[in-house]
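Read the structure below first, then the notes.
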Amino acid sequence: MGGTAQDRGVPGGRRYVPIAEHGLIGDLRSVALVGTDGTIDWYCCPAFDAPSVFASILDAERGGCFELAATVPARTKQFYFPDTNVLITRFFTEDGVGEVQDFMPVDGGPAEAERHRLIRRVVCVRGSIPFRTRVAPRFDYGSLPHTVRLTGDTAEFKTAGLTLALTATVPLEADGPDVCGDFKLSEGDSAVFALDKVGGEVTPRRCARTEAEEQFAATVAYWRRWLSASRYKGRWREMVHRSALTLKLLTYAPTGAIVAAPTTSLPEELGGERNWDYRYVWVRDAAFCVYALLRLGFTGEAEAFMDFVTRHISPGDGKTSGPLQIMYGIDGRTELPERTLGHLEGHHGSAPVRVGNAAADQLQLDIYGALIDSIYLYDKWAKPISSGHWDDVCALVDWVCAHWDQPDEGIWETRGGRRNFLYSRLMCWVAIERAIRMANRRGLPADLPRWRECRDTIYRRIMSRGWCEERGAFVQHEDGDVLDAAVLMMPLTKFIAPTDPKWLSTLDVLTEELVSDSLVYRYDPRSSPDGLRGDEGTFSICSFWYVEAMVHAGRIDEARLAFEKMLTYANHLGLYAEEISHTGEQQGNFPQAFTHLALISAAFNLDRALG
Numbered sequence: 001m002g003g004t005a006q007d008r009g010v011p012g013g014r015r016y017v018p019i020a021e022h023g024l025i026g027d028l029r030s031v032a033l034v035g036t037d038g039t040i041d042w043y044c045c046p047a048f049d050a051p052s053v054f055a056s057i058l059d060a061e062r063g064g065c066f067e068l069a070a071t072v073p074a075r076t077k078q079f080y081f082p083d084t085n086v087l088i089t090r091f092f093t094e095d096g097v098g099e100v101q102d103f104m105p106v107d108g109g110p111a112e113a114e115r116h117r118l119i120r121r122v123v124c125v126r127g128s129i130p131f132r133t134r135v136a137p138r139f140d141y142g143s144l145p146h147t148v149r150l151t152g153d154t155a156e157f158k159t160a161g162l163t164l165a166l167t168a169t170v171p172l173e174a175d176g177p178d179v180c181g182d183f184k185l186s187e188g189d190s191a192v193f194a195l196d197k198v199g200g201e202v203t204p205r206r207c208a209r210t211e212a213e214e215q216f217a218a219t220v221a222y223w224r225r226w227l228s229a230s231r232y233k234g235r236w237r238e239m240v241h242r243s244a245l246t247l248k249l250l251t252y253a254p255t256g257a258i259v260a261a262p263t264t265s266l267p268e269e270l271g272g273e274r275n276w277d278y279r280y281v282w283v284r285d286a287a288f289c290v291y292a293l294l295r296l297g298f299t300g301e302a303e304a305f306m307d308f309v310t311r312h313i314s315p316g317d318g319k320t321s322g323p324l325q326i327m328y329g330i331d332g333r334t335e336l337p338e339r340t341l342g343h344l345e346g347h348h349g350s351a352p353v354r355v356g357n358a359a360a361d362q363l364q365l366d367i368y369g370a371l372i373d374s375i376y377l378y379d380k381w382a383k384p385i386s387s388g389h390w391d392d393v394c395a396l397v398d399w400v401c402a403h404w405d406q407p408d409e410g411i412w413e414t415r416g417g418r419r420n421f422l423y424s425r426l427m428c429w430v431a432i433e434r435a436i437r438m439a440n441r442r443g444l445p446a447d448l449p450r451w452r453e454c455r456d457t458i459y460r461r462i463m464s465r466g467w468c469e470e471r472g473a474f475v476q477h478e479d480g481d482v483l484d485a486a487v488l489m490m491p492l493t494k495f496i497a498p499t500d501p502k503w504l505s506t507l508d509v510l511t512e513e514l515v516s517d518s519l520v521y522r523y524d525p526r527s528s529p530d531g532l533r534g535d536e537g538t539f540s541i542c543s544f545w546y547v548e549a550m551v552h553a554g555r556i557d558e559a560r561l562a563f564e565k566m567l568t569y570a571n572h573l574g575l576y577a578e579e580i581s582h583t584g585e586q587q588g589n590f591p592q593a594f595t596h597l598a599l600i601s602a603a604f605n606l607d608r609a610l611g
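Under the numbering used here, residue 611 is the last one in the sequence shown; the count climbs by one each step, no gaps.
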């Protein structure tokens, strides 16, 4: 993972750092991706779903970036300051060793939160090293010109709607729309760069070395204090805690929303068209996140998401796709129009680059089960839900009872037409079954005879029409023979016993046809057309589901080997994108909440099985 900033944009240089060669920092409102060469390749301000300021990960020339690196040949390595989301990029040169400490302060109060401060502290720890920085913002996904005004050690980048101020402890000079700086540090020296959103009450404020040191210490203390609430003491603690810290970074503090991923349009296949915007709240993903965080003891995040659900997800919306949308904006908005940014070439030329997501209008029945299961777990493990919340649950379950048997687009958001997907039926069963449990445990009012009858009807329908005798397996959709890794959730949701002969046969068939060296494809697009061209990699959440399914089936040794193999596909920091290519590269939006929550669940259950 070597390289320096001057490699970019020169003949033979790396125009694009691979997706996996990035670390993540954030302030619970937005994030920045920092490449192993010290360049910030992705940053949206002031929120996850705001237009980008730096997007060179999507277009090396037009996207904009914040370079900060040694100007002499250097090997680089990245790591997180232990038990935090403070990222360190180290530069090893012939004359010395230096490091860039990247972080975004988190708990400085409301006024500081509006600043969205991003701090880059450069330290020379041995010898001496020359450094260079180039700050090249390209607002609104590289489509909006800006002015730059340099006054002393402060540069202001201004557009009609957003102004960013860069302060530095080293001299800066203007270079067209950018600012640059060259400086040399000797052992013990440091330099500080701070990028702030300014305007209104928030004015530019120089970040002196002492303030940077104080904010570094405060940020470290915040993350360690947060992580100390974890109850996980088992094997793989470091990977589990890194996943938890990553899920926390994907949380939007003002509303409690949890985004599926902090990026858009990172390709599921280089050169392919499967490029989507994941900077929104998928009900499914967020509900599964609640399960993972509750497992570890983080009840505050679960409570914040339940508040988001109560405020923004009303069963009475009357949409054609049902009372719930599959996704919402981080502020609860329901309109997420999809458009293509034709002026950006895409990561490694993988166009199109999309913002917004047209899948918001799809019907995906499984989200009802995911949401009600998370409410059930919250009620059981955190605190009892309110009477108003129970009324909403009843309204959702009544709707599921009336609509569960219609075709939908399914969990994978296929754009090839609606089908009677087994997974959608399964999660409708979960929605009703968990609501029945809640009603029984707490004596809550409910139309239990109707609910039980509907639950049992769904069960029999899945067992009769979701089972393919010829394949000896449960299949993707009714009256078909296509395999789908989503059926791995059948034993995990307690729909079927993990040692049931039909399930064990399904597990064997899935292993033979969809598993490659412990990695799991979600389905075969050639036998199950999804309306899109090209292939995709293995789906990492499915790989962790596979581990968990084998744990429950009693195949502990196989499960442990598959889990350890999956860990080798993480990047150097323990982060995962959505998919893994046939050569082992990370593909898709990064990092992916779905993958990290599944890792936590698999590690938890495997560790418990090992004793």
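Glycine included, every Cβ here is placed at the ideal spot set by N, Cα and C.
For residue i, the nearest candidate out of the options (CA to CA)
i           : options               : result
residue 349 : 273, 39, 150 and 567  : 273
residue 623 : 88, 187, 26 and 250   : Because the chain in this structure spans residues 1 to 611, residue 623 falls outside the shown range and cannot be described.
residue 333 : 84, 311 and 101       : 311
residue 476 : 435, 497, 419 and 121 : 419
residue 282 : 82, 301, 309 and 136  : 309
residue 421 : 414, 410 and 427      : 410
residue 39  : 364, 398, 99 and 113  : 99
residue 525 : 485, 493 and 547      : 485
residue 296 : 81, 243 and 563       : 243
residue 498 : 483, 555, 176 and 76  : 555
residue 142 : 466, 345, 562 and 168 : 345
residue 355 : 299, 28, 34 and 140   : 140
residue 598 : 611, 609, 582 and 563 : 563
residue 360 : 337, 511 and 370      : 337
Check whether residue i and residue j have beta carbons under 7 angstroms apart
i           : j           : result
residue 454 : residue 401 : yes
residue 92  : residue 69  : no
residue 157 : residue 170 : no
residue 330 : residue 252 : yes
residue 462 : residue 519 : no
residue 412 : residue 488 : no
residue 538 : residue 521 : yes
residue 45  : residue 56  : no
residue 194 : residue 180 : no
residue 495 : residue 426 : yes
residue 326 : residue 362 : yes
residue 541 : residue 266 : no
residue 247 : residue 596 : yes
residue 192 : residue 121 : yes
residue 32  : residue 43  : yes
residue 447 : residue 468 : no
residue 385 : residue 428 : no
residue 587 : residue 577 : yes
residue 258 : residue 250 : yes
residue 388 : residue 307 : no
Cβ-Cβ separation, residue j to residue i (assumed contact under 8 angstroms), whole Å
i           : j           : result
residue 607 : residue 234 : 4 angstroms
residue 134 : residue 178 : 6 angstroms
residue 340 : residue 323 : Residue 340 to residue 323, Cβ: 30 angstroms. No contact.
residue 53  : residue 185 : Residue 53 to residue 185, Cβ: 26 angstroms. No contact.
residue 302 : residue 382 : 5 angstroms
residue 202 : residue 114 : 5 angstroms
residue 190 : residue 123 : 5 angstroms
residue 125 : residue 97  : 5 angstroms
Those residues which DSSP pairs with residue i across a bridge
i           : result
residue 632 : Look at the range of the chain in this structure, 1 to 611, and you will see that residue 632 is not part of it.
residue 624 : What is shown of the chain runs 1 to 611, which leaves residue 624 out entirely.
residue 98  : 91 and 124
residue 24  : 33
residue 130 : 184
residue 75  : 92
residue 45  : None, per the DSSP bridge assignment.
residue 277 : 264
residue 103 : 119
residue 538 : 580
residue 68  : 133
beta-carbon residue i near the ligand FAD non-hydrogen atom, thresh 6 angstroms
i           : result
residue 126 : Absent from the structure shown: the ligand FAD. Ligands present: none.
Checklist entry - Taking the runs of the alpha helix (DSSP H) that are 4 residues or longer, which of them lie wholly in the segment 283 to 355? => result 283 to 296 and 299 to 312
Next on the checklist: As an exercise, report each continuous beta strand (DSSP E) stretch of at least 3 residues that is fully enclosed by the segment 144 to 228, in chain order.
Outcome noted: 147 to 151, 154 to 158, 163 to 168, 173 to 175, 178 to 186 and 190 to 198
Checklist entry - Could you give the uninterrupted runs of the alpha helix (DSSP H) lying entirely in the segment 441 to 489, keeping only those of 4 residues or more? => result 448 to 465
Item to check | Contiguous alpha helix (DSSP H) assignments of at least 4 residues, all confined to the segment 542 to 590 | outcome: 556 to 568
Checklist entry - Can you list the alpha helix (DSSP H) stretches of 4 or more residues lying completely in the segment 379 to 428, in chain order? => result 387 to 403
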